[in-house]
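Here is the structure we will look at, set down as structure tokens.
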Amino acid sequence: MTSLSNIDFSKLSLFESVIAVSQIIREDFPINFVQSELKKRIIEAESYIASTYEPNQKLKKLLELFYHYWNFRGASGIYKLSDTIWLDNVLKTREGTAVSLGILFLHIAQVLKLPLYPVMFPTQLILKSDWINQKKYLINPFNGEILDKHILEVWLKGNISPTAELYENDLYKAESITVIRKMLDILKSALMEEKKMELALNVTNALLKIDPNDPYEIRDRGLIYIQLECNHIALTDLIHFVEHCPEDPISEIIKLQIHAIEQKKVVLH
């Protein structure tokens, strides 16, 4: 299996990067199924938009196919959040998050030579068209709706702050590594909530390969080690966090956990 340290994200598409990382995190990740399923989707999409020549109309037809005919959509009802992030499961259920649906739609669009790119908006991933001499579109990958700046401003004020404003750099193209980190952050939180600690540990180790010195990621790894009853390893990570982020309010809670672990060591000896 490929090591994360051997992956050059700058030479891979976003989709290829996500597949590579997924294989490292999950030994059972069915890459052949994912590739086969997407190949069928791409062939169908090529046929569906073939009679359309105007670029923006091609994009609108692909949105129609993906969200209405294929019925990809945001997850609803009772579900596990991690299931809406793994691409193999999203292809089976057709339910995902803005990130997972966006990655799939973007991959199909790029194969069809439709110039879209990801934008890591403060509230969620969105997609933006990049036509020359054509109207540019902002797309919500959660449901395929076309966004305008008024909607984005409402999102900011409702989710960030009533005084938040929309800036030009909010709509800049995101690098693949930025999108991958966002996806992995969501996945890690979901797996921890679902008590799938071994997988959560794999995700954290992947994030630490991307940024080895992130104290918050090291803290999370320590918390996962506690759940896995590897307290001696957890101690090193938690102490590292407290030493590097002494002003963070959560440091006081982490200190209590460190003390509890040290007391256990005293009792055991």
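Position 105, counted from 1, in the sequence shown is what full-length UniProt numbering calls 105; the numbers after and before it change by one each time, with no gaps. In this text, a Cβ means the ideal position worked out from N, Cα and C, and glycines have one as well. The model shown is predicted, which means the values in this text are computed figures rather than measured ones.
inquiry  = Let me make sure I understand the geometry here. Which of V90, L201, K58 has the alpha-carbon closest to that of residue 271?
reply    = The chain is shown from 1 up to 269; residue 271 falls before or after that span and cannot be answered.
task = Look at the alpha carbon of L187 and the alpha carbon of Q257, and state the distance between them as a whole number of angstroms.
result = 24 Å
message = For E229 and M197, I'd like the C-alpha separation in whole angstroms.
response = 11 Å
task = Assign I254 to buried or exposed, taking buried as 16 or more other Cβ atoms, counted over all protein chains shown, within 10 Å of its Cβ.
result = buried
request  = Give the DSSP-derived three-state secondary structure of R94 in the structure shown.
outcome  = coil
message = Suppose you measure from the CA of E262 to the CA of G222; what does that come to, to the nearest Å?
response = 14 Å
task = With DSSP as the reference, label N140 as helix, strand or coil.
result = strand
key: Rounded separation between S47 and L106 - CA only   = 18 Å
request  = Can you grab the Cα-Cα spacing for the pair P30 / K113, in whole Å?
outcome  = 26 Å
request  = Please specify which runs of the beta strand (DSSP E), each continuous and at least 3 residues long, are wholly inside the stretch 79-123, giving them in chain order.
outcome  = 116-120
task = Starting from K128, trace the beta strand (DSSP E) both ways and give me its first and last residue.
result = 125-129
ask   = Per DSSP, L235 forms a beta bridge with which residues?
value = Bridge partners of L235: none, in fact.
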